[in-house]
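Chains R and W supply the protein sequences, listed in that same order. Quick note, our numbering runs 105 ahead of the 1-based positions in the first sequence. Quick note, our numbering runs 904 ahead of the 1-based positions in the second sequence. One structure is given here, and the rest of the page talks about it.
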Amino acid sequence: AQRVTQPEKLLSVFKGAPVELKCNYSYSGSPELFWYVQYSRQRLQLLLRHISRESIKGFTADLNKGETSFHLKKPFAQEEDSAMYYCALSGRGYGNKLVFGAGTILRVKS
Amino acid sequence: GAGVSQSPSNKVTEKGKDVELRCDPISGHTALYWYRQSLGQGLEFLIYFQGNSAPDKSGLPSDRFSAERTGGSVSTLTIQRTQQEDSAVYLCASSLGTRGLYEQFFGPGTRLTVL
């Protein structure tokens, strides 16, 4: 079964502090992992994906197959990072349908 | 260019009524997905289309839910005999294809409230 777990519903940090949003997955195969973000009153949008191995808005995420994790990290949080973050996976042969975690609200305080 | 659009943006209906939700994907996108975002269930997959065909309908919660896509473009999600547990935000997404390298672009959603 495909499953994505985001253990924290809410993560509150101060501006300038490091951020780590946790994501663990279960999938029997080689999944593709994504982070999506939804800012207030905006639509859901892709933040980054593991196959690109890129940094977007200072965020990075490394796929750890041994720990089945895909945690999202940023060394210095900014107030504009406040949003809902969803970790998601898709499996080959499943039409790229996304399985989402429950989401984590990131609140960056000044 | 224009993104994915959905209509209506809000729909309030009475229990037992039928509703139709519409999705206009980005032009040229062959893949179209429906998801539901609710408080109790989070974001869940409902159905996807490749062209006008729906290879995977596994996420539709009951036979009251159906969807179609015509002309490889517009899609309609229909919920018959709505129930209060159908209240949710229904999201549509489209992409160039169904491989993982293709990004899914999401619409603004339709907020459905069943009284």
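Cβ atoms here follow ideal geometry from the backbone N, Cα and C, with glycine treated the same way.
Please report the distance separating the alpha-carbon of Lys961(W) from that of Tyr952(W).
Each residue's CA atom was taken as its position, placing Lys961(W) and Tyr952(W) some 7 Å apart.
Along chain W, in chain order, which residues have C-beta atoms closer than 9 Å to that of Leu203(R)?
Those within 9 Å of Leu203(R) in chain W are Tyr937, Tyr939, Leu947, Phe949, Ala997, Gln1008.
Through-space distance from Ser970(W) to Val978(W), alpha-carbon basis:
Using only the alpha carbons, I get a separation of about 14 Å.
Interface partners of Asp960(W) on chain R, CB under 9 Å
Here the neighbours are Tyr199, Gly200, Lys202.
Is the beta carbon of Gly1011(W) closer than 8 Å to that of Leu995(W)?
Yes. Within cutoff.
Element boundaries [beta strand (DSSP E), containing Asp960(W)]
In the DSSP assignment, Asp960(W) falls within the unbroken beta strand (DSSP E) covering 957-960.
Which whole runs of the beta strand (DSSP E) in the segment 924-1006 of chain W are 3 residues long or more, in chain order?
Every beta strand (DSSP E) stretch that sits fully inside the segment 924-1006 of chain W and reaches 3 residues is listed by chain position as 935-942, 946-954, 957-960, 969-973, 979-983, 992-999.
If I measure Cβ to Cβ from Phe119(R) and keep anything under 7 Å in the same chain, skipping five residues before and after, which residues do I get?
Correct list, in chain order: Lys214.
Glu948(W) to Glu185(R) span [Cα, whole Å]
Between Glu948(W) and Glu185(R), the C-alpha separation is close to 27 Å.
Those runs of the alpha helix (DSSP H) which lie wholly inside the segment 117-183 of chain R and span at least 4 residues:
Qualifying alpha helix (DSSP H) stretches: none in this window.
Terminal residues of the beta strand (DSSP E) in which Tyr190(R) lies
Segment 188-195, the beta strand (DSSP E) holding Tyr190(R).
Gln954(W) CB to nearest chain R CB: under 8 Å?
Closer than 8 Å to some Cβ of chain R, the Cβ of Gln954(W) qualifies, so yes.
Start and end of the beta strand (DSSP E) containing Ser215(R)?
It is not in any beta strand (DSSP E) - Ser215(R) carries neither H nor E in the DSSP assignment.
Candidates Gln910(W), Thr1014(W), Gly1001(W), Gly946(W): closest to Ala935(W) by CA position:
When each option's Cα is compared against that of Ala935(W), the closest is Gly1001(W).
Boundaries of the beta strand (DSSP E) in which Ser911(W) is found, first to last residue:
Unbroken beta strand (DSSP E) run through Ser911(W): 909-911.
Going by beta carbon distance, what residues of the same chain come within less than 6 Å of Leu115(R), once the five residues before and after it are set aside?
Ile210.
Could you tell me whether the segment 985-992 of chain W touches the segment 936-943 of chain W, using the rule of 3 or more Cβ pairs below 8 Å?
They touch, by the three-pair rule.
Tell me whether Gln143(R) is buried or exposed, calling it buried when 16 or more other Cβ atoms sit within 10 Å of its Cβ.
Gln143(R) sits buried, since 16 or more C-beta atoms from the chains shown fall within 10 Å of its C-beta.
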